[in-house]
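Below is one structure; the comments refer to it alone.
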């Protein structure tokens with residue numbers, strides 16, 4: 001808290017610089033999730049993957065914060081430097097679109113270029129092996145997709161929008177997201193229909209083929225055995 | 001004008017500081033899809049203030065019989081929700097105790113199927129798009145309340161789109177699995193057919209080959 005208060009008073013007082021301070025504070029409000037985000041525990045060599053099924057041209061912003069269990073104080077402390085997380089993002093065709101290492105706190109962004117299931121994987125890369133000491137790392141994670149990733153405070157300040165204009169802008173963004181999702185749904189439904197028709201075709205052709213094979217084998221069996229018995233002078 | 005500007009901006013800064021302190025209630029929640037390996041359990045935790053309502057929606061997208069165990073515990077360790085082998089469910093609760101609530105998904109009953117699970121955990125109300133909009137003195141104008149109504153309606157549309165997308169993903173996974181199974185079954189059955197028919201013929205031939213001395217004696 002003291003550090004945040006420091007930002008308040010260190011910045012220049014009059015004029016344009018103050019707007020920047022206000023904007024910084026607004027950004028802090030949005031991103032400084034002190035004790036408000038979802039968290040989970042991850043082991044040292046464990047890799048946690050999350051799947052985001054998104055349409056194309058959608059922006060995804062992920063924020064994470066790590067804490068390490070301090071055995072002496074028996075509580076989770078902010079992680080020491082040298083403890084980073086490796087973030088890897090793969091697109092639906094399993095091609096890596098983001099593979100970067102971040103510190104104990106990080107923010108990653110990517111925009112999808114193909115619709116489908118994107119995979120976001122996180123794993124720790126502690127430089128000191130004994131840092132974990134058999135404990136777990138606590139990771140606070142927040143992933144925002146599409147319209148939720150927009151920072152309206154920044155948009156309002158940049159385009160100088162009034163409150164009503166900002167609300168309308170939010171509605172426009174939401175409707176765009178709905179449209180993108182609907183296009184994606186149409187694409188997915190076509191793929192689903194192709195898979196179903198392929199299954200239908202396969203079942204049909206294999207049934208016909210297997211009946212023919214059955215008949216052919218039966219005929220061959222009879223002919224072969226007949227010639228065999230004739231050779232044996234039994235028929 | 002020169003003295004008025006710093007006063008209004010200092011008021012704004014004070015307001016922002018106040019909001020920073022009050023940030024605890026204004027959490028948005030998380031929507032994640034993750035893979036749960038077989039015989040594994042995954043827990044998530046979130047700090048919730050007293051009196052705040054939170055909701056958890058979850059759905060199994062792929063894997064096995066599309067079911068998972070789920071339980072929610074309050075900071076005192078009491079289980080406030082527990083379900084076994086559910087495909088999808090929705091749970092809301094008003095937090096009576098301030099602290100860390102945990103919800104876990106368990107796939108421990110399954111020995112070989114990985115499950116993909118989607119969950120949406122929402123805490124409290126949605127924060128306003130500009131932080132200083134939360135402390136209005138005047139009521140909303142007609143335009144603004146129309147915007148709010150449309151925003152809520154669009155949120156419902158987006159939620160139902162998510163619901164359909166998940167259902168479609170589940171059905172598509174099943175359809176692709178069926179397609180694969182049909183291929184393997186067809187190939188397997190053709191192979192089995194050939195093997196059985198050839199071995200039938202060989203077996204019959206071997207019967208008559210052994211009995212040759214007996215049949216020759218019968219004939220003569």
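Residue numbers (UniProt numbering), protein chains in the order written: chain P, 1 to 235; chain L, 1 to 220.
Where a beta carbon is used, it is the ideal one built from N, C-alpha and C, also for glycine.
Where residue i falls, given that 16 or more other Cβ within 10 Å makes a residue buried
i: residue 141(P); result: buried
i: residue 99(P); result: exposed
i: residue 124(P); result: buried
i: residue 226(P); result: exposed
i: residue 181(P); result: buried
i: residue 48(P); result: buried
i: residue 234(P); result: exposed
i: residue 46(P); result: exposed
i: residue 137(L); result: exposed
i: residue 21(L); result: In this prediction, residue 21(L) scores a pLDDT of 42, lower than 50, which makes its location untrustworthy; the coordinate-derived value is nonetheless stated afterwards. Answer is exposed; the Cβ neighbour count stays below 16.
i: residue 76(L); result: exposed
i: residue 67(P); result: buried
i: residue 18(L); result: Interpretation of residue 18(L) is limited by its pLDDT of 46, a score under 50 that renders its predicted location unreliable; the figure taken from the coordinates is listed afterwards. Label assigned to residue 18(L): exposed.
i: residue 63(P); result: buried
i: residue 37(P); result: buried
i: residue 142(L); result: exposed
i: residue 231(P); result: exposed
i: residue 123(L); result: buried
i: residue 40(P); result: buried
i: residue 184(L); result: exposed
i: residue 1(L); result: Bear in mind that the predicted position of residue 1(L) carries a pLDDT of just 46, short of 50, making it unreliable; the figure below should be weighed with that in mind. Residue 1(L) comes out exposed.
i: residue 195(L); result: exposed
i: residue 155(L); result: exposed
From the options, residue whose alpha carbon lies closest to that of residue i
i: residue 78(P); options: 69(P), 61(P) and 122(P); result: 69(P)
i: residue 185(P); options: 194(L), 171(L) and 164(L); result: 164(L)
i: residue 95(L); options: 152(L), 87(L) and 81(L); result: 81(L)
i: residue 129(L); options: 158(P), 154(P), 183(P) and 55(P); result: 154(P)
i: residue 107(P); options: 199(P), 144(P) and 234(P); result: 144(P)
i: residue 57(L); options: 48(L), 51(L) and 87(L); result: 87(L)
i: residue 101(L); options: 145(L), 48(L) and 167(L); result: 48(L)
i: residue 179(L); options: 178(P), 163(P), 204(P) and 151(P); result: 204(P)
i: residue 159(L); options: 162(P), 157(P) and 175(P); result: 175(P)
i: residue 167(P); options: 157(L), 151(L) and 104(L); result: 151(L)
i: residue 209(L); options: 85(P), 214(P), 216(P) and 228(P); result: 228(P)
i: residue 193(P); options: 194(L), 176(L) and 123(L); result: 176(L)
i: residue 83(L); options: 74(L), 61(L) and 106(L); result: 106(L)
i: residue 98(L); options: 89(L), 85(L), 79(L) and 74(L); result: 74(L)
i: residue 144(L); options: 165(P), 156(P), 196(P) and 44(P); result: 165(P)
i: residue 41(L); options: 61(L), 63(L), 103(L) and 30(L); result: 103(L)
i: residue 192(L); options: 189(P), 50(P), 191(P) and 213(P); result: 213(P)
i: residue 42(P); options: 138(P), 207(P), 160(P) and 76(P); result: 138(P)
i: residue 114(L); options: 71(L), 62(L) and 153(L); result: 62(L)
Cβ separation of residue i and residue j, assumed to be a contact under 8 Å, to the nearest whole Å
i: residue 109(P); j: residue 59(P); result: 7 Å
i: residue 53(P); j: residue 116(P); result: 7 Å
i: residue 57(P); j: residue 111(P); result: 7 Å
i: residue 210(P); j: residue 190(L); result: 6 Å
i: residue 197(L); j: residue 217(P); result: 4 Å
i: residue 195(P); j: residue 172(L); result: 7 Å
i: residue 146(P); j: residue 177(P); result: 5 Å
i: residue 150(P); j: residue 55(P); result: Actually they do not touch by this definition, with Cβ atoms about 16 Å apart.
Residue i: contacting residues in chain B (beta-carbon distance under 9 Å)
i: residue 57(P); result: The question asks about chain B, but that chain is absent: this structure's protein chains are P and L.
field: Residues within the segment 144-169 of chain L neighbouring chain P, beta-carbon criterion of under 9 Å
entry: The residues in question are 144, 147, 148, 150, 151, 154, 155, 157, 158, 161, 162, 164, 165, 166, 168 and 169.
- prompt: With contact counted as at least three CB pairs below 8 Å, one residue from each stretch, are the segment 59-70 of chain L and the segment 105-114 of chain L in contact?
  reply: The segment 105-114 of chain L and the segment 59-70 of chain L touch, with three or more beta-carbon pairs separated by less than 8 Å.
- prompt: Does the segment 189-207 of chain L come close enough to the segment 208-225 of chain P to have 3 or more Cβ pairs within less than 8 Å?
  reply: Verdict: yes, contact present.
- prompt: Hey, is the segment 27-40 of chain L in contact with the segment 114-123 of chain L, meaning 3+ C-beta pairs nearer than 8 Å?
  reply: The answer is yes - the segment 114-123 of chain L touches the segment 27-40 of chain L, with three or more Cβ pairs under 8 Å.
- prompt: Any residues in the segment 169-193 of chain L with a beta carbon nearer than 8 Å to a beta carbon of chain P? Which ones, in chain order?
  reply: Answer in chain order: 169, 171, 172, 175, 176, 178, 179, 182, 183, 186, 189, 190 and 193.
query: What residues in the segment 37-61 of chain L have a beta carbon less than 8 Å from any beta carbon of chain P?
result: Within the segment 37-61 of chain L, the residues whose Cβ lies closer than 8 Å to any Cβ of chain P are, in chain order, 42, 43, 44, 45, 46 and 47.
- request: Could you please tell me which residues of the segment 155-177 of chain P, in chain order, have their CB closer than 8 Å to any CB of chain L?
  value: So the list reads 156, 163, 164, 166, 167, 168, 170, 171, 174, 175 and 177, given in the order they occur along the chain.
At least three beta-carbon pairs within less than 8 Å, the segment 44-61 of chain L to the segment 90-105 of chain L: Contact between the segment 44-61 of chain L and the segment 90-105 of chain L is present, because at least three Cβ pairs lie under 8 Å.
Members of the segment 198-209 of chain L near chain P, C-beta cut-off 8 Å: For the segment 198-209 of chain L, the set of positions with a beta-carbon nearer than 8 Å to some beta-carbon of chain P reads 200, 201, 204, 205 and 208 in chain order.
- prompt: Relative to chain P, which residues along the segment 81-106 of chain L have a C-beta separation below 8 Å, given in chain order?
  reply: Within the segment 81-106 of chain L, not one residue has a Cβ closer than 8 Å to any Cβ of chain P.
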